[in-house]
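Report on the structure given below.
There are 2 protein chains.
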Amino acid sequence: MKIAVLGTGGGARAHIAKLAGLGHEVHVGTRDPEATLARTEPDMMGTPPFGSWLAGHPGIALHTFADAADRAELVINGIDGRNAVAALSAAAEQLAGKTLVDYAVPFIYNPEIEHPWPTPWGVMPTLDPCDSDSLAEQIQRALPDTKVVKAFVTQEQATVVDPKSIGGGEHTMFVAGENADAKQAVTDLLTAYGWSDILDLGPLVAARGMEMYAHMHSAIGFALGFGTHFGIKVIR
Amino acid sequence: MKIAVLGTGGGARAHIAKLAGLGHEVHVGTRDPEATLARTEPDMMGTPPFGSWLAGHPGIALHTFADAADRAELVINGIDGRNAVAALSAAAEQLAGKTLVDYAVPFIYNPEIEHPWPTPWGVMPTLDPCDSDSLAEQIQRALPDTKVVKAFVTQEQATVVDPKSIGGGEHTMFVAGENADAKQAVTDLLTAYGWSDILDLGPLVAARGMEMYAHMHSAIGFALGFGTHFGIKVIR
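Respectively, the protein sequence lines represent chains E and P.
Under the numbering used here, the residue at position 18 of the first sequence is numbered 196, and the numbers go up by one with no gaps.
Under the numbering used here, the residue at position 65 of the second sequence is numbered 243, and the numbers go up by one with no gaps.
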């Protein structure tokens with residue numbers, strides 16, 4: 179299958195490598211391919227430059243966001259939450275009619291909010307949108323001809339592509355969206371990734387809860403200790 | 179142990195009955211005991227009047243919020259989120275120095291928010307406070323001499339008092355708060371309820387995630403079918 183991954187960060191790389199390993203034709207999208215390849219320093223998250231990573235993963239093509247989307251049947255959005263709507267809107271034509279999986283958390287960093295939590299960030303991030311809207315719904319409104327599916331967001335992407343690394347894979351992945359065929363395509367992809375418990379939460383409004391779970395995910399992560407990987411399982 | 183339960187709704191009744199069954203001295207608090215006992219019709223949630231319920235549970239005393247708190251060592255807050263801060267503030271003196279477990283979700287019902295979700299409510303509720311504050315933190319600020327612990331909130335209260343009814347009890351309960359002794363007291367109570375996996379999420383700011391999880395809880399509940407009981411387990 180021809181799959182585009184938009185974004186070159188750590189999460190995007192997890193999907194790119196896994197998809198290539200599964201035999202898919204992977205097209206990676208970035209804002210400015212030349213600028214991405216010219217970088218030689220780690221980014222602010224400490225992720226090594228994409229060019230050197232790409233050198234170790236032959237057969238993967240780097241394009242603009244629009245060109246990558248144009249070449250794919252299914253698109254994974256790894257653009258950060260703050261820039262996603264604008265960047266995806268600029269590629270609306272190439273995304274029309276396609277399934278777009280969104281896993282972004284719409285974090286905003288507000289240094290004016292006093293916060294006592296001893297986070298690695300110092301200040302606890304907040305979300306925008308939150309509660310009465312979600313990033314996934316914003317993307318769907320901006321791209322009415324694209325089939326948006328919210329998924330992957332409740333986990334680290336390294337775990338999303340390797341669910342069996344935790345509890346033998348005995349935990350739950352969630353999907354939400356308006357289009358049943360698109361959700362099935364994402365469910366099939368997740369099954370290929372190794373997931374066995376995939377729960378369809380229904381319409382895209384469920385993305386509010388999935389994105390707002392980021393606070394709970396952070397709290398559990400801090401409680402277990404920084405760097406501990408975990409999942410949650412819905413016990414019926 | 180002398181335990182007060184503030185509130186007479188379905189969630190409060192689950193705790194009252196369980197605590198009495200465990201041999202604790204239970205004091206129930208309500209805004210106006212005479213008015214509570216005078217009611218003969220089910221409330222808007224369809225819960226039968228408290229007087230008839232109480233008649234089937236001998237040995238349980240009904241007081242004002244302040245009088246119930248005054249008689250207890252540990253207090254469980256079952257007052258709905260919208261009224262909790264005001265009602266608890268009026269009993270600040272009686273709550274001073276005590277552990278207060280809060281399990282409320284600060285739902286607001288806003289009929290002006292257009293919402294496509296086919297919920298039993300018709301319109302999806304939203305939260306206030308949310309994201310940059312929590313009800314538990316508001317209560318703690320209003321009652322600085324009380325040791326507030328957020329707990330129970332990620333589950334139906336019927337499940338909180340009977341965890342083994344789901345998956346043999348193999349799911350996770352969360353606690354958060356500023357005072358280690360208070361969290362230990364709540365953990366001991368949860369252990370008596372039958373919980374074996376109790377995760378301390380740290381300071382009270384973690385209540386934000388616990389309260390915001392309400393959206394995810396609702397979405398999972400709708401996906402599994404109305405009335406299905408479930409829990410979530412943190413898989414390490």
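The beta carbon of each residue, even a glycine, is placed where N, CA and C say it ideally should be.
Please read all numbers here as calculations on a predicted model, not as lab measurements.
Assuming residue i and residue j form a contact by the criterion Cβ under 8 Å, report the distance between their Cβ atoms to the nearest whole angstrom.
i         : j         : result
ASP309(E) : ARG386(E) : 7 Å
ILE317(P) : LEU266(P) : 6 Å
ALA239(P) : LYS276(P) : Contact flag wrong, Cβ pair sits at about 18 Å.
THR350(E) : MET388(E) : Rounded, the Cβ-Cβ distance is 12 Å, inconsistent with contact.
VAL364(E) : VAL353(E) : 5 Å
ALA401(P) : GLY380(E) : 6 Å
In angstroms, rounded to a whole number, what distance separates the CA positions of residue i and residue j?
i         : j         : result
GLY193(P) : VAL183(P) : According to the sequence as given, residue 193(P) is His; it is not Gly. Each residue's alpha carbon lies about 7 Å from the other.
MET179(P) : ASP366(P) : 12 Å
PRO284(P) : GLU212(E) : 49 Å
TYR281(P) : LYS328(P) : 6 Å
ARG414(P) : ASP340(E) : 14 Å
ALA247(P) : SER312(P) : 23 Å
GLY409(E) : THR304(P) : 26 Å
ASP258(P) : THR208(P) : 12 Å
ASP306(E) : ALA397(E) : 19 Å
VAL253(E) : LEU273(E) : 8 Å
PRO226(E) : GLY187(E) : 9 Å
ALA233(P) : GLY399(E) : 46 Å
GLY355(P) : ASP378(P) : 9 Å
ARG260(E) : ILE286(E) : 7 Å
GLY405(E) : PRO220(P) : 50 Å
ALA314(E) : HIS395(E) : 18 Å
HIS393(P) : PRO322(P) : 29 Å
GLY256(E) : SER230(P) : 57 Å
PHE228(E) : THR214(E) : 7 Å
GLY403(P) : GLN362(E) : 20 Å
PRO294(P) : GLY237(P) : Bear in mind that a pLDDT of 46 at PRO294(P), under 50, signals an unreliable position, so the model cannot answer this.
THR218(P) : ASP210(P) : 15 Å
SER124(P) : TYR391(P) : Within the shown structure, residues of chain P are numbered from 179 to 414, placing residue 124(P) beyond reach of any answer.
ALA360(E) : GLU271(P) : 57 Å
TRP299(P) : GLU334(P) : The predicted model places TRP299(P) with a pLDDT of 46, which falls under 50 and marks its position as unreliable, so this point remains unresolved.
PHE330(P) : GLU203(E) : 47 Å
ALA384(E) : ILE376(P) : 27 Å
Considering just the uninterrupted stretch of the alpha helix (DSSP H) at residue i, what are its terminal residues?
i         : result
GLU212(E) : 211 to 216
MET223(P) : Unbroken run through MET223(P): none, as it is neither H nor E.
THR369(P) : 358 to 371
ILE194(E) : 188 to 199
ILE398(E) : 385 to 402
THR208(E) : Premise fails: THR208(E) lies in the beta strand (DSSP E), 203 to 208, not in any alpha helix (DSSP H).
ILE257(P) : From DSSP, ILE257(P) is part of no alpha helix (DSSP H); its letter is neither H nor E.
ILE317(P) : 313 to 320
ALA270(E) : 270 to 273
For residue i versus residue j, is the C-beta distance shorter than 8 Å?
i         : j         : result
LYS325(P) : LEU368(P) : no
HIS235(E) : ALA198(E) : yes
ALA244(E) : ALA262(E) : no
LYS411(E) : LYS411(P) : yes
GLY346(P) : GLY372(P) : no
So the candidates are the options; which of them puts its Cα closest to the Cα of residue i?
i         : options                                    : result
ALA358(E) : SER343(E), LEU197(E), ASP221(E), LEU382(E) : LEU382(E)
ALA264(P) : THR186(P), ARG319(P), SER230(P), ARG249(P) : ARG319(P)
GLY201(E) : ARG217(E), ILE181(E), TYR391(E)            : ILE181(E)
HIS205(P) : GLY189(P), GLY185(P), ALA384(P)            : GLY185(P)
MET223(E) : HIS407(E), ALA270(E), GLY189(E), GLY399(E) : GLY189(E)
HIS407(P) : GLY237(P), ALA336(P), TYR391(P), MET394(P) : ALA336(P)
LYS196(P) : SER374(P), MET390(P), ALA370(P)            : ALA370(P)
Check the Cβ of residue i against every Cβ in chain B and list those closer than 8 Å, keeping chain order.
i         : result
ILE344(E) : Among the protein chains in the structure shown, which are E and P, there is no chain B.
For the beta strand (DSSP E) that contains residue i, what are its first and last residues?
i         : result
ASP378(E) : 375 to 378
PHE352(E) : 350 to 355
THR242(P) : 239 to 242
ILE413(E) : 409 to 413
THR337(P) : Careful: THR337(P) lies outside any beta strand (DSSP E), inside the alpha helix (DSSP H) at 335 to 338.
ALA250(P) : Segment: none, ALA250(P) is in no beta strand (DSSP E) and carries neither H nor E.
ALA282(E) : Counting along the chain, ALA282(E) falls outside any beta strand (DSSP E), and DSSP gives it neither H nor E.
LEU184(E) : 180 to 184
VAL331(E) : No beta strand (DSSP E) holds VAL331(E); DSSP gives it neither H nor E.
Closer than 7 Å to a non-hydrogen atom of the ligand NAP - does that hold for the CB of residue i?
i         : result
ALA336(E) : In terms of ligand content, the structure shown is empty, and the ligand NAP therefore cannot be addressed.
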